[in-house]
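Listed in order, the protein sequences are those of chains A and B.
Under my numbering, read the first sequence as residues 20 to 531, first letter to last.
Under my numbering, read the second sequence as residues 7 to 623, first letter to last.
Ideal placement from N, C-alpha and C gives every residue a C-beta, glycine not left out.
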Amino acid sequence: MSEITWLEETDHRVLTALCATDGAIGLDALAAAVSLDAARVKVVVDGLAARDLATASESVWVELRLAPKGKALDGSALPERTVLEALAAGPGEARIAELAELAGLDKKAAGESLRWLTDKGWATREKDRVVVTDAGRAAVGAPGADEALLAALAGDARRPADDVARDGVDLDAARALLAKRKLVDERRRVDRSAAATTGGRALIESGVEARREVTQLTPELLADGGWRSVALKPYDVTLDAERWTPGKEHPFRRVLDETRRVFLELGFEETASPYCESSFWDFDALFQPQDHPARDMQDTFYVKTPAEARLPDAAIVDRVRRTHEDGGDTGSVGWGYTWSEATSKTTVLRTHTTAASIRALADDPNPPRKVFCVGPVFRNETITYKHLPVFHQIDGIIVDEHASLASLLGTLKAFYNKMGFDRFQFRPAFFPYTEPSLEVFVWHDGKGDWVEMGGAGIFRPEVTQPLGCSVPVLAWGLGLERLAMFRFGIERIRDLYDASLDWLKETARCQW
Amino acid sequence: MPVVNLPIALLNEHLGATIAPDDLVEHLQHIGCDVEGYETMGRYRCAVCGAVHEVAEHEEAPVRCDECGVDYRERTDAVEAIDPVDVIRMELLPVRPDVFDPGGLARALRTYLEIDMTPPHYEAVDGDYTVDVDASVADVRPCIACCVVRGVTLDDTRIRVVMKLQENLHWAIGRDRKFASIGVYDLSAVEGRAIRYRTVGRGDNAFVPLGYTDAATPDAILAEHPKGKAFAGLLEGHDRVPLLEDERGGVMSMPPIINSEHTRVTTASTDFFIDVTGLNPRVVRTTLAILATSLAELNPGVVIERVQVRYPDGHPEGPAAVTTPDLRTQALHLDPARAARLIGIDASTDDVGLLLRRMGHDVATESDGRLRVTAPPYRNDLLHEVDLVEDAAIAYGFHNIETRLVPTMTVGRARPIEDLSNHARRVLAGLGFLETIALPITSKPQAFDRIGLDETPTLELANPIHDDSGTPLDILRPNLLAGLIHCLHRYRGGELPQRLFEIGDVTQLDADRDTGTREVRRCAAVAIGPRAGFAEARSLCEAITAELGWSLEAEPLELGCYLSGRAARWFAVRGDRRVAVGHFGEVHPDVLERYGLGYPVGACEFDLAPLDPTGAA
Numbered sequence: 020m021s022e023i024t025w026l027e028e029t030d031h032r033v034l035t036a037l038c039a040t041d042g043a044i045g046l047d048a049l050a051a052a053v054s055l056d057a058a059r060v061k062v063v064v065d066g067l068a069a070r071d072l073a074t075a076s077e078s079v080w081v082e083l084r085l086a087p088k089g090k091a092l093d094g095s096a097l098p099e100r101t102v103l104e105a106l107a108a109g110p111g112e113a114r115i116a117e118l119a120e121l122a123g124l125d126k127k128a129a130g131e132s133l134r135w136l137t138d139k140g141w142a143t144r145e146k147d148r149v150v151v152t153d154a155g156r157a158a159v160g161a162p163g164a165d166e167a168l169l170a171a172l173a174g175d176a177r178r179p180a181d182d183v184a185r186d187g188v189d190l191d192a193a194r195a196l197l198a199k200r201k202l203v204d205e206r207r208r209v210d211r212s213a214a215a216t217t218g219g220r221a222l223i224e225s226g227v228e229a230r231r232e233v234t235q236l237t238p239e240l241l242a243d244g245g246w247r248s249v250a251l252k253p254y255d256v257t258l259d260a261e262r263w264t265p266g267k268e269h270p271f272r273r274v275l276d277e278t279r280r281v282f283l284e285l286g287f288e289e290t291a292s293p294y295c296e297s298s299f300w301d302f303d304a305l306f307q308p309q310d311h312p313a314r315d316m317q318d319t320f321y322v323k324t325p326a327e328a329r330l331p332d333a334a335i336v337d338r339v340r341r342t343h344e345d346g347g348d349t350g351s352v353g354w355g356y357t358w359s360e361a362t363s364k365t366t367v368l369r370t371h372t373t374a375a376s377i378r379a380l381a382d383d384p385n386p387p388r389k390v391f392c393v394g395p396v397f398r399n400e401t402i403t404y405k406h407l408p409v410f411h412q413i414d415g416i417i418v419d420e421h422a423s424l425a426s427l428l429g430t431l432k433a434f435y436n437k438m439g440f441d442r443f444q445f446r447p448a449f450f451p452y453t454e455p456s457l458e459v460f461v462w463h464d465g466k467g468d469w470v471e472m473g474g475a476g477i478f479r480p481e482v483t484q485p486l487g488c489s490v491p492v493l494a495w496g497l498g499l500e501r502l503a504m505f506r507f508g509i510e511r512i513r514d515l516y517d518a519s520l521d522w523l524k525e526t527a528r529c530q531w
Numbered sequence: 007m008p009v010v011n012l013p014i015a016l017l018n019e020h021l022g023a024t025i026a027p028d029d030l031v032e033h034l035q036h037i038g039c040d041v042e043g044y045e046t047m048g049r050y051r052c053a054v055c056g057a058v059h060e061v062a063e064h065e066e067a068p069v070r071c072d073e074c075g076v077d078y079r080e081r082t083d084a085v086e087a088i089d090p091v092d093v094i095r096m097e098l099l100p101v102r103p104d105v106f107d108p109g110g111l112a113r114a115l116r117t118y119l120e121i122d123m124t125p126p127h128y129e130a131v132d133g134d135y136t137v138d139v140d141a142s143v144a145d146v147r148p149c150i151a152c153c154v155v156r157g158v159t160l161d162d163t164r165i166r167v168v169m170k171l172q173e174n175l176h177w178a179i180g181r182d183r184k185f186a187s188i189g190v191y192d193l194s195a196v197e198g199r200a201i202r203y204r205t206v207g208r209g210d211n212a213f214v215p216l217g218y219t220d221a222a223t224p225d226a227i228l229a230e231h232p233k234g235k236a237f238a239g240l241l242e243g244h245d246r247v248p249l250l251e252d253e254r255g256g257v258m259s260m261p262p263i264i265n266s267e268h269t270r271v272t273t274a275s276t277d278f279f280i281d282v283t284g285l286n287p288r289v290v291r292t293t294l295a296i297l298a299t300s301l302a303e304l305n306p307g308v309v310i311e312r313v314q315v316r317y318p319d320g321h322p323e324g325p326a327a328v329t330t331p332d333l334r335t336q337a338l339h340l341d342p343a344r345a346a347r348l349i350g351i352d353a354s355t356d357d358v359g360l361l362l363r364r365m366g367h368d369v370a371t372e373s374d375g376r377l378r379v380t381a382p383p384y385r386n387d388l389l390h391e392v393d394l395v396e397d398a399a400i401a402y403g404f405h406n407i408e409t410r411l412v413p414t415m416t417v418g419r420a421r422p423i424e425d426l427s428n429h430a431r432r433v434l435a436g437l438g439f440l441e442t443i444a445l446p447i448t449s450k451p452q453a454f455d456r457i458g459l460d461e462t463p464t465l466e467l468a469n470p471i472h473d474d475s476g477t478p479l480d481i482l483r484p485n486l487l488a489g490l491i492h493c494l495h496r497y498r499g500g501e502l503p504q505r506l507f508e509i510g511d512v513t514q515l516d517a518d519r520d521t522g523t524r525e526v527r528r529c530a531a532v533a534i535g536p537r538a539g540f541a542e543a544r545s546l547c548e549a550i551t552a553e554l555g556w557s558l559e560a561e562p563l564e565l566g567c568y569l570s571g572r573a574a575r576w577f578a579v580r581g582d583r584r585v586a587v588g589h590f591g592e593v594h595p596d597v598l599e600r601y602g603l604g605y606p607v608g609a610c611e612f613d614l615a616p617l618d619p620t621g622a623a
């Protein structure tokens with residue numbers, strides 16, 4: 020403990036009073052001496068004791084006093100005693116109806132006495148009569164333990180139980196007899212006392228300074244330096260304080276933004292594409308045949324206004340058409356059907372961000388390029404807790420003569436590593452616009468299973484060549500909601516968008 | 007995607023090797039099968055139609071036959087339990103219908119695991135069955151391909167395999183029987199050799215459909231039979247329906263709906279007649295090739311017989327005679343060095359050749375170093391050399407590929423609007439605002455009317471979905487404010503004040519863009535509480551404007567979502583530039599009332615792009 024150079028004013032006053040007493044002093048006396056209430060003095064003494072300046076001790080004792088019913092007896096004998104003495108003075112029996120008159124009691128007291136006469140075994144009831152027993156006769160003139168206690172407490176005395184016992188009252192017997200009568204109160208009492216320790220005395224003798232206690236440090240105290248001569252009240256630092264939450268980004272925003280940052284770090288340029296997209300860019304340019312089930316109304320949102328999009332450069336459109344029909348110049352046999360320009364003009368809400376990738380590739384098919392897009396995509400799904408008509412994807416392409424399936428897997432690994440996943444599987448899959456194609460699975464500890472995160476592959480020549488690109492183009496489209504749900508421990512995708520105010524406030528910025 | 011149960015014993019039998027279920031699962035995943043796991047299935051045979059039903063052991067026995075419709079609760083004698091079977095459960099990959107059944111899958115694994123490297127080879131022999139196609143089918147279901155298969159033995163396991171294979175081919179290639187539908191008949195019930203494919207009136211030619219005891223007209227079958235009801239849509243709008251008949255006029259089937267009961271295949275059947283009808287000759291022929299070769303795998307030693315299909319004058323394919331099935335192999339070429347480069351592995355010509363042989367191809371090296379690849383007839387997914395590259399990559403194993411990054415250096419570049427959006431997010435978060443993210447799909451009442459705004463032309467969906475209350479969600483949001491007010495509504499009763507913002511895209515019509523629309527990056531914010539209102543909104547907007555490097559100027563504005571006299575048009579000024587960015591104000595009590603909000607709300611919404619000092623956003 021560091022050296023004490025000052026004491027808070029009240030502490031000082033109380034310790035000084037303690038030093039004025041040899042040995043211990045009761046807290047009540049102490050309170051009177053320092054003119055403080057007892058509760059406050061107790062807090063101060065406890066504080067002094069914690070600093071070894073004083074000792075606090077307490078003794079527990081039982082206080083006995085007459086209860087209101089006991090006081091009401093007003094010093095007179097118990098009714099059964101009065102009746103017993105009256106009966107014993109006569110023939111030792113009487114009709115119950117005559118008891119009150121015989122003993123000089125009111126009817127209620129006389130009635131009550133019956134119960135205790137029989138309880139104590141002093142008398143028995145025989146039909147309408149009361150007859151004194153041998154025990155009753157023996158009790159005449161010999162007060163019981165209960166009566167002795169009542170006598171000891173007469174005059175509204177409050178006496179320690181030990182004191183009463185010392186006077187020869189058998190307390191256990193008295194308590195047993197009085198158990199059902201509410202004539203005597205017992206209270207547990209604590210006597211607290213305190214004494215100054217040697218250290219405390221030495222401190223006061225050294226003339227330690229007393230300072231006024233202050234809770235709030237005020238501008239005035241700071242301005243005049245008064246804070247130096249006051250005691251700043253110590254707080255219970257373990258107590259809770261008012262809860263603050265900062266203004267912040269949506270938790271899912273941080274996942275979206277981290278995703279962007281990962282690809283920026285990997286040297287990708289960011290792109291975007293319209294939410295309302297032509298079927299040409301959403302499907303046809305990706306070699307998705309026009310009768311493909313993904314283009315059905317039950318999977319894709321079609322747009323009524325505007326219902327039609329303008330197609331790009333006629334040469335590109337023609338190359339795409341020929342590729343669908345018979346492979347064109349791509350070395351493919353194509354899908355073998357008659358391609359419809361009208362179908363490719365229909366507008367849809369983009370079903371994948373690959374539409375952004377393919378537009379970026381068409382804008383500049385010359386390697387080397389790395390492009391990514393993070394954004395919402397739309398599927399005609401009924402809103403449930405598990406499904407929403409909108410979700411977010413990270414789509415990317417690498418246009419590079421050195422690109423290979425190995426570097427596609429390496430890029431995907433780099434992404435998921437940076438997002439905090441270290442176990443993946445790449446399984447063969449099928450997409451109309453990539454070959455080879457694969458699906459990415461990450462290991463999810465909570466589920467104890469592999470979870471599919473998205474698809475990837477190398478764009479088919481049927482996709483790249485009509486756009487004037489002749490080097491491999493690696494491509495991927497990965498869902499981001501699932502990643503966020505894992506990170507935040509959310510079971511229902513809808514909770515990301517219908518987040519509660521508390522969840523927004525309390526979800527920590529850093530998730531480890 | 008449908009899940010198929012592959013009996014493990016049957017798979018091992020056809021593999022010619024015994025492979026533990028766990029290893030099978032791993033191999034199947036490596037070749038691209040979506041395996042769910044393996045389990046024991048209880049089995050029940052339908053005494054009426056012979057169908058075999060499988061149910062997981064923890065599931066109830068079937069209560070009705072989904073093939074013929076008989077109700078087992080009414081006819082308890084119509085169903086009997088048979089031996090259970092251990093199966094691998096696998097989700098089907100529509101692009102590889104040749105591995106939908108244990109025969110086809112065993113064929114793929116045999117070479118992949120190098121158990122037997124003989125490339126699959128199938129011969130059809132000449133037969134004497136013919137199919138005469140009537141010109142009238144051209145409008146309904148023009149194409150047909152047929153074959154005869156002799157010497158088949160079907161036990162309960164195999165009959166179910168054939169049934170499920172048909173069903174799954176219907177799904178994957180046939181798109182629920184639209185593009186291709188299959189009929190398999192007991193040849194001994196087919197009279198004569200000259201089959202006829204024609205159309206009949208809906209009330210004509212009553213026959214007993216599969217699972218029935220009484221004859222019914224096509225119309226009655228389409229209205230009452232379970233399969234008739236399920237697929238009636240495929241014949242909708244046609245007065246006449248297709249019918250396949252034998253030489254004596256006995257009805258074999260009504261494609262693509264139902265076969266006749268008397269040609270039903272049972273475990274006693276050994277010789278089959280098979281037809282595939284559809285809309286496109288390539289699809290029906292491929293489907294037939296896959297089915298015929300899978301049957302040949304399931305029953306080694308069967309004889310496949312050709313059938314001559316004669317198309318008449320006036321039919322898109324006619325006049326011509328075509329012999330089916332087409333079991334010819336496909337010849338492709340592959341540059342092995344290019345394949346190795348594209349996969350990113352070190353592999354010699356021989357290495358690549360071996361990888362392809364493991365995928366069931368026959369491979370020879372040409373004098374120019376290229377590989378001449380002979381692909382089996384059941385592979386309908388090979389459009390280009392790169393499809394062989396994928397086959398080689400799968401044989402190599404994606405898990406065996408050493409991953410790397412492309413060696414080329416490129417410079418990363420964020421979109422300026424995203425950088426600016428993040429600046430704005432930091433400013434608003436610093437001012438104590440919480441970001442929300444709403445779905446961009448919304449409804450017109452929500453976006454306009456309910457926040458007091460007049461409707462403006464906007465993108466509209468042709469096939470909207472509906473929200474919980476049944477309101478069609480038919481537009482992409484034209485503003486962010488409506489979503490934020492809705493958030494305040496949801497957060498009623500929460501601690502005050504509440505300060506929320508969203509930064510995201512709204513969609514506008516724009517005839518200058520190729521799609522006729524464009525996204526505009528917006529920021530909107532709302533604050534509710536006893537002290538909220540115009541003054542707070544103005545303080546907020548001034549802070550944002552200043553932090554983004556501009557100063558604010560305001561002009562009075564009348565806008566339905568704000569109280570009259572407490573709304574401003576918001577301009578940003580920087581040197582001699584002055585741009586309109588948005589608006590702010592105190593939300594109209596009408597709106598507060600509508601949303602049950604008991605405190606004043608200050609709000610703003612603005613475009614971010616004009617605030618980019620570089621002009622790049």
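- Annotation for CYS610 (chain B): ALA531, ALA543, CYS547, PHE590 place their beta carbon closer than 6 Å to its own, counting only its chain and skipping 5 residues before and after.
- For the alpha helix (DSSP H) assignment, the uninterrupted runs of no fewer than 4 residues enclosed by the segment 150-224 of chain A are, from N- to C-terminal side, 153-158, 164-171, 180-185, 190-197, 217-224.
- At a C-beta separation below 9 Å, MET472 (chain A) has no neighbours in chain B, since its nearest C-beta there lies roughly 14 Å away.
- Straight-line measurement puts the Cα of ALA154 (chain A) at about 15 Å from the Cα of ALA164 (chain A).
- Here the alpha carbons of VAL339 (chain A) and PHE306 (chain A) stand approximately 8 Å from one another.
- DSSP assignment within the segment 295-379 of chain B yields the following whole alpha helix (DSSP H) runs of 4 residues or more, N-terminal first: 342-349, 355-364.
- Assignment of THR324 (chain A) by DSSP, reduced to helix, strand and coil, places it in the strand class.
- Of the other Cβ atoms in all chains shown, fewer than 16 fall within 10 Å of the Cβ of ILE88 (chain B); this residue is therefore exposed.
- Residue state for SER298 (chain A) is assigned as helix, using DSSP reduced to three classes.
- In the three-state DSSP reduction, VAL158 (chain B) falls in the coil class, being neither helix nor strand.
- MET316 (chain A) reaches chain B at ASN469, counting residues in chain order whose Cβ is nearer than 7 Å.
- Within 10 angstroms of the beta-carbon of TRP300 (chain A) lie 16 or more other beta-carbons, which makes it buried.
- In the DSSP annotation of this structure, PHE505 (chain A) is not part of any beta strand (DSSP E); the continuous alpha helix (DSSP H) holding it starts and ends at 500-507.
- Annotation: LEU49 (chain A) has no Cβ neighbours in chain B at a cutoff of 9 Å; minimum Cβ distance is about 46 Å.
- Between VAL158 (chain B) and ASN305 (chain B), the C-beta gap is smaller than 7 Å, which places the two residues in contact.
- In the three-state scheme derived from DSSP, where H, G and I count as helix and E and B as strand, TRP177 (chain B) is classed as helix.
- By the neighbour-count criterion, in which a residue is buried when 16 or more other Cβ atoms sit within 10 angstroms of its Cβ, ASN386 (chain B) is buried.
- Not a single CB atom of chain B sits nearer than 7 Å to the CB of ASP383 (chain A).
- Note on HIS244 (chain B): under 16 other CB atoms within 10 angstroms of its CB, so exposed under the neighbour-count rule.
- In the DSSP assignment, the residues bridged to ASP511 (chain B) are B:ARG527.
- Between the C-alpha atoms of ARG220 (chain A) and THR257 (chain A) there is a straight-line separation of about 31 Å.
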